[in-house]
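So the structure is just underneath, and the comments pick up after that.
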Amino acid sequence: MAQDRAERISALRRKGRVQVLVIGGGINGIGTFRELALNGVDVVLVERGDFMSGASSAPSRMIHGGLRYMENGEFALVRESLRERNLLLANAPHLVSSLPTLIPVVDRFSGVVGAVRRFLGGKETAGARGALIIKLGLCLYDLYAGRGSFVPRHSFFGGRETRRRWPALRSDIVGSALYYDARISHPERLGIELILDSEQAAPEALALNHLGFVGLEPGGAELEDGLTGERFTLDAGIVVNATGAWIDLTNQELAGKAPRLIGGTKGSHLVIANRRLYEALGETMIYFANREGRVCILFRHLGQVLAGSTDISVETPDGVRCEPDEAAYILASIAEVFPDIPIVQDEVIYRFSGVRPLPRSDHNLNASISRDHSCEWLDPGAGAARPVLNLVGGKWTTFRAFGAAAADMILNRLGLPRRVATEHSAIGGGRDYPTGERRQAWIARVASAAGLAREAAERLLARYGTRVDELGYRLAGRGDEALISLPAHGRGEIAWILDEERAETLPDLVLRRLTIAFTGELSHAAVIELSGIMAAARGWDERRRAAECAALFAELNNNHGVSEAMLRRRDADRKGSDVRFEEGPHEPAVPQRQVS
Numbered sequence: 356m357a358q359d360r361a362e363r364i365s366a367l368r369r370k371g372r373v374q375v376l377v378i379g380g381g382i383n384g385i386g387t388f389r390e391l392a393l394n395g396v397d398v399v400l401v402e403r404g405d406f407m408s409g410a411s412s413a414p415s416r417m418i419h420g421g422l423r424y425m426e427n428g429e430f431a432l433v434r435e436s437l438r439e440r441n442l443l444l445a446n447a448p449h450l451v452s453s454l455p456t457l458i459p460v461v462d463r464f465s466g467v468v469g470a471v472r473r474f475l476g477g478k479e480t481a482g483a484r485g486a487l488i489i490k491l492g493l494c495l496y497d498l499y500a501g502r503g504s505f506v507p508r509h510s511f512f513g514g515r516e517t518r519r520r521w522p523a524l525r526s527d528i529v530g531s532a533l534y535y536d537a538r539i540s541h542p543e544r545l546g547i548e549l550i551l552d553s554e555q556a557a558p559e560a561l562a563l564n565h566l567g568f569v570g571l572e573p574g575g576a577e578l579e580d581g582l583t584g585e586r587f588t589l590d591a592g593i594v595v596n597a598t599g600a601w602i603d604l605t606n607q608e609l610a611g612k613a614p615r616l617i618g619g620t621k622g623s624h625l626v627i628a629n630r631r632l633y634e635a636l637g638e639t640m641i642y643f644a645n646r647e648g649r650v651c652i653l654f655r656h657l658g659q660v661l662a663g664s665t666d667i668s669v670e671t672p673d674g675v676r677c678e679p680d681e682a683a684y685i686l687a688s689i690a691e692v693f694p695d696i697p698i699v700q701d702e703v704i705y706r707f708s709g710v711r712p713l714p715r716s717d718h719n720l721n722a723s724i725s726r727d728h729s730c731e732w733l734d735p736g737a738g739a740a741r742p743v744l745n746l747v748g749g750k751w752t753t754f755r756a757f758g759a760a761a762a763d764m765i766l767n768r769l770g771l772p773r774r775v776a777t778e779h780s781a782i783g784g785g786r787d788y789p790t791g792e793r794r795q796a797w798i799a800r801v802a803s804a805a806g807l808a809r810e811a812a813e814r815l816l817a818r819y820g821t822r823v824d825e826l827g828y829r830l831a832g833r834g835d836e837a838l839i840s841l842p843a844h845g846r847g848e849i850a851w852i853l854d855e856e857r858a859e860t861l862p863d864l865v866l867r868r869l870t871i872a873f874t875g876e877l878s879h880a881a882v883i884e885l886s887g888i889m890a891a892a893r894g895w896d897e898r899r900r901a902a903e904c905a906a907l908f909a910e911l912n913n914n915h916g917v918s919e920a921m922l923r924r925r926d927a928d929r930k931g932s933d934v935r936f937e938e939g940p941h942e943p944a945v946p947q948r949q950v951s
């Protein structure tokens, strides 16, 4: 069992001083923490909320090279992104898999003039992409992906073949292009596994969530425990500002004269439970430009349909959510490519939004702002008490390369050599991941050792990769008691997550360690049952348990368009099945018996 939180806080206080303090537990901060820890640097990461709880939990679930970036002339970024995509397919096969992607073509020559104008530095314009510009882009895309790519090369289909394969698409399509990128099933889990790997390899390295940075004083960084309110100081030789869209706000606490570095844009997405749309997509993502020229995506994700996204400038990253007009915009965009598939409001089961930490820019089109990354030392004249390295920009796919670049700058400043490279380092449950015939043998072995049905062992392999061996050892032939409200999950599985994966609040568990909000399994009864398990594990009394439930309901309602009434309706819809709910003494709809 991992150290509990109190032990980790005590270990941090005993340190007193570290070589590097990373502020921000999103994917770029975690990537930098990993690189430094594996290279022998005494490093600590702190995150004021939960790990991966900001923009890192709100991507389009794509691991991609960025086909569109070539229109902006960012060929080096595309090349780097495709390389990192290929590495993630190899290093995290339990979470990252190939994604066939279809671009519907409505004419043959649109976009050529606009692309040439942008490439030559002219004014940005939005518009459709015709067959010629798509063909050119995909040829370059395949070239940059290289022969070592894990996915096939692109192909083109005529109008008749496109309509035969995807009959629900709009009728005026003249053809389509099919190429391959990749998807990530659970980005939050990849971040957690990077932390666990790093701390196992370098026990002196520590990463703590719900520990916020308050300010930088001559004596060091003042930190505040978000769960207890306790404050203490940790000195650091170098501070890394990895707070993403909050970089400028954090710099205000670090220095008195920090320049503005970030000009973020909000991206919102919908999760849609529409069977006709799900079947029309098949295994293919539809990647298309809507009437405004904004690129939109639509693909199957965890049994539902994921659709996005918007690209809206925001002044502050705090409190962002998918607003009703954004949801309407995304639904209208879907209707442009699938005009005969109606989607009603009740079929939008979840929505999420995040702020892309883009570099400040004067572009008049948000889509033209670079998704590249840079590492910038805060000027000494800004008044910071310690050297501060800012991680500016970046995209999810390139987190490893971004973290490596930041670490190299820090190692150089510390006068230390790089000892470990991470290009070919397996991540978490991707280590020794079984494929082909080995997969079925592996599932059979784990099922037998843990006392699970083969179907259950296969589900666990999909969720956690080869880390399931740890869970199987804990279950040791006894099997796992299914949750009443979530029969595809077990009590032992949840207990293992709580012991090993640093979930400190109920929202941590429900929204970032599990995927039930995306699958549609989240219900009022599930919240109550999970809160009971977590209360027992964490020693919460009924008041704390009720407060945790209230905080989760508020977050779901305010940020994700899911009201408590919606969750109760899901319980009512399921009451005709083999799941029974009875009233409990403290909370309604408390499950009282297991379902076989």
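Per my numbering, the sequence shown starts with residue 356, numbered consecutively.
From the three backbone atoms N, C-alpha and C, an ideal C-beta is built for every residue, glycine too.
Everything numeric in this text was worked out from a predicted model, so none of it was measured.
Of the candidates His419, Ile539 and Ala576, the residue whose Cα lies closest to the Cα of Ala610 is Ala576. Of the residues Ser452, Arg822 and Val396, the one whose Cα lies closest to the Cα of Ile593 is Val396.
For Gly421, the secondary structure class from DSSP, reduced to helix, strand or coil, is coil. Within the same chain, and ignoring the five residues on either side of Val692 in sequence, the residues whose Cβ sits closer than 7 angstroms to its Cβ are Pro459, Leu524, Arg525, Ile641 and Phe643. Cβ neighbours of Val433 within its own chain (closer than 6 angstroms, five residues either side excluded): Gly420, Gly421, Tyr424, Met425 and Tyr499. DSSP places Met640 in the uninterrupted beta strand (DSSP E) bounded by Met640 to Ala644.
By the CB criterion at 8 angstroms, Leu561 and Leu450 fall outside the cutoff.
When rounded, the separation of the alpha-carbon atoms in Tyr828 and Leu493 is 46 angstroms. Ranked by how close their Cα comes to the Cα of Phe757, the residues Arg389, Arg925, Ser623 and Pro742 have Arg389 in first place. Between Leu571 and Glu608, the C-beta spacing is below 8 angstroms. DSSP, reduced to helix, strand and coil, places Ser526 outside both helices and strands of the structure shown, so it counts as coil.
Asn427 sits in a helix when the DSSP states are folded into three classes. For Ser452, no alpha helix (DSSP H) encloses it; the enclosing beta strand (DSSP E) starts and ends at Val451 to Val460.
In the three-state reduction of the DSSP assignment, His915 falls in the helix class. Ile704 is the residue among Arg867, Glu856, Ala927 and Ile704 whose C-alpha sits nearest the C-alpha of Asn912. Spanning the alpha carbons of Val917 and Arg925 requires a straight line of approximately 11 angstroms. Restricting attention to Ile782, Ser803 and Trp851, the CA atom closest to the CA of Thr821 is found in Ile782.
Shown here, Glu678 sits in coil according to DSSP, grouped into three states, outside any helix or strand.
Assigned with DSSP and collapsed to three states, Lys930 falls in coil, not helix or strand. The alpha helix (DSSP H) runs lying completely inside the stretch 551 to 620 and spanning 4 residues or more are 602 to 609, given in chain order. Two segments are said to touch when three or more pairs of C-beta atoms, one from each, lie closer than 8 angstroms; by this definition the stretch 625 to 635 does not touch the stretch 405 to 419. Assignment of Ala532 by DSSP, reduced to helix, strand and coil, places it in the strand class. When secondary structure is reduced to three states using DSSP, Trp732 falls in the strand class. Of the residues Leu589, Ala537, Gly618 and Glu362, the one whose Cα lies closest to the Cα of Arg372 is Leu589.
DSSP places Gly386 in the uninterrupted alpha helix (DSSP H) bounded by Ile382 to Leu393. In the three-state reduction of the DSSP assignment, Val396 falls in the coil class. DSSP lists Phe643 as the beta-bridge partner residues of Cys651. Residue burial is scored here from C-beta neighbours: Lys612 has fewer than 16 other C-beta atoms within 10 angstroms and is therefore classed as exposed. Shown here, Asn441 sits in a helix according to DSSP, grouped into three states. By the Cβ test, the stretch 810 to 821 is not in contact with the stretch 437 to 446, since fewer than three Cβ pairs between them sit closer than 8 angstroms. Per DSSP, the continuous alpha helix (DSSP H) segment holding Ile888 begins and ends at His879 to Arg893.
According to the DSSP secondary-structure assignment, Ser623 is paired through a beta bridge with Ser708. Shortest Cα-Cα distance from Asn427 to any of Ser840, Asp727, His779 and Phe654 involves Asp727.
Rounded to whole angstroms, the separation of the alpha carbons of Glu516 and Leu636 is 15 angstroms. Inclusion of Pro542 and Arg403 in the CB contact set at 8 angstroms is not warranted, their separation being larger than that value. One alpha carbon belongs to Pro862, the other to Val882, and they sit about 10 angstroms apart.
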